[in-house]
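>
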Amino acid sequence: MTPEQRQAFEEGLYQFVGRSLHPEPKRSYDTVNGAMIRQWAEVMGDRNPAYTDADWAASSARGHLIAPPAMLYVWNQEGYAVASTGRPGDGLADLVAYFDSHGFTGSLGTNVDQEYFAEAKLGDAIYEDAVIEEISEQKSTARGLGYFLQTLAKFRNQDGELIGTQRFRVFKFIPPEVPAQEKPESATELELPTRIQAPRGQDNAWWWDACDEGRVLIQRCKSCQTLRHPPRPMCGECQSTEWDSIESSLDGEIYSFVEMHYPKFPGYQYPLIVAVISLAEGTRLVANVVGIDSAEVRIGLKVKGRVEQVDEKTMLPQFYPVDAAEVSA
Ligand code: ZN
Numbered sequence: 014m015t016p017e018q019r020q021a022f023e024e025g026l027y028q029f030v031g032r033s034l035h036p037e038p039k040r041s042y043d044t045v046n047g048a049m050i051r052q053w054a055e056v057m058g059d060r061n062p063a064y065t066d067a068d069w070a071a072s073s074a075r076g077h078l079i080a081p082p083a084m085l086y087v088w089n090q091e092g093y094a095v096a097s098t099g100r101p102g103d104g105l106a107d108l109v110a111y112f113d114s115h116g117f118t119g120s121l122g123t124n125v126d127q128e129y130f131a132e133a134k135l136g137d138a139i140y141e142d143a144v145i146e147e148i149s150e151q152k153s154t155a156r157g158l159g160y161f162l163q164t165l166a167k168f169r170n171q172d173g174e175l176i177g178t179q180r181f182r183v184f185k186f187i188p189p190e191v192p193a194q195e196k197p198e199s200a201t202e203l204e205l206p207t208r209i210q211a212p213r214g215q216d217n218a219w220w221w222d223a224c225d226e227g228r229v230l231i232q233r234c235k236s237c238q239t240l241r242h243p244p245r246p247m248c249g250e251c252q253s254t255e256w257d258s259i260e261s262s263l264d265g266e267i268y269s270f271v272e273m274h275y276p277k278f279p280g281y282q283y284p285l286i287v288a289v290i291s292l293a294e295g296t297r298l299v300a301n302v303v304g305i306d307s308a309e310v311r312i313g314l315k316v317k318g319r320v321e322q323v324d325e326k327t328m329l330p331q332f333y334p335v336d337a338a339e340v341s342a
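Just so we're aligned, residue 14 is where the sequence shown starts under this note's numbering, counting upward by one.
#1: Checking 8 Å against the spacing of the C-beta atoms, do G280 and T207 come in under that value?
#2: Whose C-beta lies closer than 6 Å to the C-beta of R241 among residues of the same chain, with five residues either side of it excluded?
#3: For the beta strand (DSSP E) holding A94, just list the boundary residues, first then last.
#4: Using C-beta distances below 8 Å, list every residue in its chain close to K196, excluding the 5 sequence neighbours before and after it, in chain order.
#5: Over the uninterrupted alpha helix (DSSP H) stretch that includes I50, give me the two end residues.
#6: Could you check which residue in T296, G295, I305, E294 has the C-alpha nearest to that of V287?
#7: Closest by CA to P345, which one among E250, P212, G47?
#8: Our contact map puts F161 next to S149 with C-beta atoms below 8 Å; I'd like the distance itself, whole angstroms only.
#9: Taking Cβ positions, are S269 and V289 nearer each other than 8 Å?
#10: Can you tell me where the alpha helix (DSSP H) with S114 in it begins and where it stops?
#11: The ligand ZN and S33: does any heavy atom of the ligand fall closer than 7 Å to the residue's C-beta?
#12: From the DSSP output, in three-state form, read off E24 for me.
#13: CB-CB under 8 Å to S307, same chain, minus the five flanking residues each way: which ones, in chain order?
#14: Taking DSSP as the reference, what is the three-state secondary structure of P334?
#15: Could you check whether H77 and K39 sit closer than 8 Å to each other, using their CB atoms as the reference points?
#16: Measuring CA to CA, which of Y93, C224, A63, P16 is closest to K326?
#17: For L203, count neighbouring C-beta atoms within 10 Å of its own C-beta (all shown protein chains included) and say buried if the count is 16 or more, exposed if not.
#18: Rounded to whole angstroms, what's the CA-CA distance from D172 to L34? Just pull it up for me.
#19: Measuring from the CB of C234, is there a heavy atom of the ligand COA at a distance below 7 Å?
#20: When the distance is taken between beta carbons, is T123 closer than 8 Å to R182?
#21: Going by alpha carbons, who is nearest to G119 out of Q127, A110, V125, D126?
#22: Nearest to A166 by CA position, among V87, T239, V95, G99, is which residue?
#23: Spatial neighbours of T44 within its chain, please: C-beta separation below 7 Å, excluding the five flanking residues on both sides.
#24: From the DSSP secondary-structure annotation, give me the bridge partner or partners of Y64.
#25: Got a sec: does the ligand ZN put a non-hydrogen atom nearer than 7 Å to the Cβ of C224?
#26: Closest to A143 by C-alpha separation, out of E226, N89, I187, would be which residue?
#27: Leaving aside the five residues before and after V302 along the sequence, list all residues of the same chain whose C-beta is less than 7 Å from its C-beta, in chain order.
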């Protein structure tokens, strides 16, 4: 881009600041409801009775259930169908298209900040009103050259009362040229670039040290015996700071998973399945599922872990479908 081209581009770009994403406030698809709250609380592991226990809520100071504040952005989401149809166009789509047409095709969500001002209760309709709040000057980052854009969404109930706001920041950038990946036939896994090392601090170094020796440990409270993972200094059940650990059998099943497509990180092999594994001991662990066609990965699949060397410096539990683990064991 010449300085003149950049100036013309930026003149067009900053015209977007202040534009609304929607012609009028977008109403939630459903009113605030118990089913969605219950499912969200279950997935997040949030057992606050103010969200799901109607009897408890009735006897509380409020006298009724409320929605978890962090669900603010949930009510106005289009839902699963947009995966095939795409999102309906809005002011943000126009801005993204403007970036894309000038080569800033990379997108990276960088921050979400929510602020809460009032509670949402069952039956409330949530209206979202969003604007493009700001666009930064051009920045040069490790990702490439680009601009940060920030949207500000305001959420109000049917009485016009402000429930909360959400600021969402995205970096739009020119992605660096990626050379076609060529892998010599003699390449072994150990010739892959080394993955970024997990930081080891006072509270978790012991866990990684055990992993280096081929064992996956689960922290156990010495006072009430509750198991916990990831490692942390205090028991969430009884607040004891005394702990020891047990070794996991690495028997488990897939609780949830994603397949990572983009961006591709050096040192990882694709397809890359990142899963939350429910271990037989009762705790959960984030790990990769390997030795399986990614189309066959599903929630509930029984898996067995083995601690393996994944690059020159890293030992990690890798989880295999139980059938395959039996074959190769
Ligand atoms: Zn405890």
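All C-beta atoms in this analysis are idealised placements derived from N, C-alpha and C, irrespective of residue type, glycine included. Keep in mind it's a predicted model, so treat the numbers as computed, not measured.
Looking at the atomic coordinates:
#1: It is a contact, given that the beta carbons lie within the stated cut-off.
#2: Once the five neighbours on either side are set aside, the close Cβ partners of R241 are Q232.
#3: Unbroken run through A94: none, as it is neither H nor E.
#4: Its pLDDT being 48, under 50, K196 is placed unreliably in this model, and the coordinates cannot settle the point.
#5: Per DSSP, the unbroken alpha helix (DSSP H) holding I50 starts and ends at 47-57.
#6: Closest option to V287, Cα to Cα, is I305.
#7: This structure cannot speak to residue 345, because the chain is shown only from 14 to 342.
#8: Your pair F161 and S149 checks out as a contact, with CB atoms roughly 4 Å apart and the cut at 8 Å.
#9: Taking a C-beta distance under 8 Å as the contact criterion, S269 and V289 qualify as a contact pair.
#10: Per DSSP, S114 belongs to the alpha helix (DSSP H) from 104-114.
#11: Not a single heavy atom of the ligand ZN lies less than 7 Å from the C-beta of S33.
#12: In the structure shown, E24 adopts helical secondary structure according to DSSP, grouped into three states.
#13: The residues are E272, P284, I286.
#14: In the structure shown, P334 sits in a strand (DSSP, three-state: E or B).
#15: The answer is no: Cβ separation not under 8 Å.
#16: Sorting Y93, C224, A63, P16 by C-alpha distance to the C-alpha of K326 places C224 at the top.
#17: Summary for L203: the model assigns pLDDT 49, below 50, so the residue's position carries little reliability; its value from the coordinates is reported in the next sentence. Exposed: under 16 other Cβ atoms inside 10 Å.
#18: Looking at the two C-alpha atoms, the distance is approximately 22 Å.
#19: The model depicted lacks the ligand COA and carries the ligand ZN instead.
#20: Cβ atoms of R182 and T123: closer than 8 Å.
#21: The residue among Q127, A110, V125, D126 with its C-alpha nearest the C-alpha of G119 is A110.
#22: The shortest C-alpha separation from A166 is found at V87.
#23: In chain order, G136, D137, A138 place their CB closer than 7 Å to the CB of T44, counting only its own chain and leaving out the 5 sequence neighbours on each side.
#24: In DSSP, Y64 forms no bridge with anything.
#25: Distance from the C-beta of C224 to the nearest heavy atom of the ligand ZN is not below 7 Å.
#26: Answer by Cα proximity: N89.
#27: These residues qualify, in order along the chain: I267, F270, I286, A288, V310, V316, F332.
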